[in-house]
Amino acid sequence: MRVIVDIRPLLEPRRSGVGTYTAEVAKALARRGAHEYALFANGRAPIPADVPPPSPRLTHRFSRYPNRLLNAAFAFLGAPKLERLAGPADVAYLPNLNFVATGLPIVVTVHDLSFVRFPRFFSSKQRLWHAAIGTASLLRRATTVVAVSEHTRRDVIETFGVPEGNVVVAGPGVGPAFAPQGDAEKDRVRKKLRLDHPYFLFLGAIEPRKNIVGLIDAYERVDADLDLVIAGGKGWLYEDVFRRAARSPKRDRIKFPGYVDDADKPALYAAAAALVYPSFYEGFGMPPLEAMAVGTPVVASHVSSLGEVVGDAGLLIDPQDAGDIAAAMTAIVADPRLVGKLRSRGFERAKRFTWDASAATLEKAFSAAHGRA
């Protein structure tokens, strides 16, 4: 069977969780080789170096149309068909919601439905983009929908009425780079990012859904000699975060190192006293998983999918309650035995999540989609 894999999410200059998912499942699918794959990309951006190279069972089909023009053609003309651009195939796989025109059975991964559940967290431009994709019709048209967590699976079924039997779970994994780090590597990253003091860490896009303002509120209540490092690129509607930090009595201890390269993330996690991730909503939540894999204690929201990811390997808090967040942060600092317990549980928890398992579920989804066509 030949499957077209749409790797357009990889072309963003700064990779997000969706881009990481796309890259890692493409590599795992190519490595396993259960089917033949055509990797499809479009646009002027260079193809990332970690895209699997061509082989007898994997081809590259990259076009250079302006993305806006191609998306408009997909949306309004229903052409050109994806299979004309990428070659004949049996199934089309979209690792993220996207514009597409195809006559093939579709398998699509849904990372979260935050744009439906919490539209106030998005700009008007983003809401328009999601509306233009036609999420409801795309998911109903899909032969199989892949959710990244059981929580997202239930969201898809309840929100769009997709039959339960058509929605499966293939969550992210954690790669071998996320492992305990040596002192030299931690020192290298601290020096690179100018982090001179012990710190609590948040890592992710700076946007309202991540509840960073609530994290700053909580940090002000913690009596400990630690900085707060808010790492990640600017997402959208981020102005309130910087305004809140600027008026904080601890403003000199709140650090914004910006976007973090993938190669620096393991050591950045490992050097932190804890990862604090008080998001209002997540479809999965990769930073807590990555932090557990390197041995860093995790404080995360008990809402949406985060409890499903973290389980009893972290401290789960109410994201609406700054006092609850602060109490968990204080407990990490005050109790070395708790830290040791969370570190041990985190290592074991992270082992449950592998890219190979995700790829195996996707392979079954491709076969099922082909069988239903």
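In our numbering, the protein residues as written are 171 to 543. Yeah, the Cβ is synthetic: ideal placement off N, Cα and C, and Gly gets one too. Remember, predicted model here, so these are calculated numbers, not experimental data.
If you ignore the 5 residues before and after Arg202, its C-beta comes within less than 6 Å of the C-beta of Ala529, all in its own chain and listed in chain order. Cβ contact annotation for Ala441 (same chain, cutoff 7 Å, sequence separation greater than five): Lys356, Val359 and Arg360, in chain order. Pairing Pro448 with Ile502 gives a Cβ-Cβ distance that is not under 8 Å. With at least 16 other beta carbons inside 10 angstroms of its own, Gln351 counts as buried. Counting along the chain, the unbroken beta strand (DSSP E) around Tyr207 starts and ends at Glu206 to Asn212. For Leu398, there is no enclosing alpha helix (DSSP H); the enclosing beta strand (DSSP E) has its first and last residue at Asp397 to Ala401.
Glu320 has its alpha-carbon roughly 20 Å from the corresponding atom of Gly516. Assigned with DSSP and collapsed to three states, Phe412 falls in helix.
Between the stretch 493-500 and the stretch 386-398 there are three or more inter-stretch CB-CB distances shorter than 8 Å, so the stretches are counted as touching.
For Val195, the closest C-alpha among the options Ala539, Val221, Ala211 and Met171 is that of Val221. Judged by pairs of C-beta atoms under 8 Å, the stretch 300-320 touches the stretch 279-286, as three or more such pairs exist. Looking at the DSSP output, Ile174 sits in a beta bridge with Ala208 and Ala262. In this structure, Ile174 sits away from Leu267, with a CB-CB distance that is not shorter than 8 Å.
When DSSP states are grouped into helix, strand and coil, Thr229 belongs to the strand group. The bridge partners DSSP lists for Thr314 are Val277. Runs of the beta strand (DSSP E) spanning 3 or more residues and lying entirely within the stretch 282-365 occur at 314-317 and 337-339, in chain order. Inter-segment contact for the stretch 471-479 and the stretch 452-459 is present: three or more beta-carbon pairs are separated by less than 8 Å. With contacts defined by Cβ atoms closer than 8 Å, Gly343 and Ala215 do not form a contacting pair.
Beyond the five residues adjoining it in sequence on each side, Arg184 comes within less than 8 Å, by CB distance, of Gly403 and Tyr429 in the same chain, given in chain order. By the Cβ-count criterion, Leu363 is buried, with 16 or more other Cβ atoms from all chains shown falling within 10 Å of its own Cβ.
When the five nearest sequence neighbours on each side are left out, the beta carbons in the same chain lying within less than 6 Å of the beta carbon of Asp488 are those of Asp494, in order along the chain. DSSP places Phe536 in the uninterrupted alpha helix (DSSP H) bounded by Trp525 to Arg542. The alpha-carbon separation between Glu206 and Arg423 amounts to approximately 52 Å.
A direct Cα-to-Cα measurement between Tyr451 and Tyr439 gives close to 21 Å. Apart from the 5 residues on each side of it in sequence, Pro419 sits with its Cβ closer than 7 Å to the Cβ of Glu390 in its chain, given in chain order. Taking every protein chain shown into account, the CB of Arg413 has fewer than 16 other CB atoms within 10 angstroms, so this residue is exposed. Sequence-distant Cβ neighbours of Ala262 in its own chain, meaning closer than 6 Å and more than five residues away, are Ile174, Leu252, Thr272, Leu274 and Ile276.
Leu180 places its beta carbon 8 Å or farther from that of Phe210. Within its own chain, the residues whose Cβ lies closer than 7 Å to the Cβ of Ala312, once the five positions on either side in sequence are excluded, are Ile276, Val277 and Val278, listed in chain order.
Judged by their CB atoms, Gly345 and Phe454 are not nearer to each other than the 8 Å cut-off. DSSP links Leu485 through a beta bridge to Val469. About 14 Å separates the Cβ atoms of Val411 and Val446, ruling out a contact at the 8 Å cut-off. For Lys511, the enclosing alpha helix (DSSP H) begins and ends at Pro506 to Ala520.
Assignment of Tyr447 by DSSP, reduced to helix, strand and coil, places it in the strand class.
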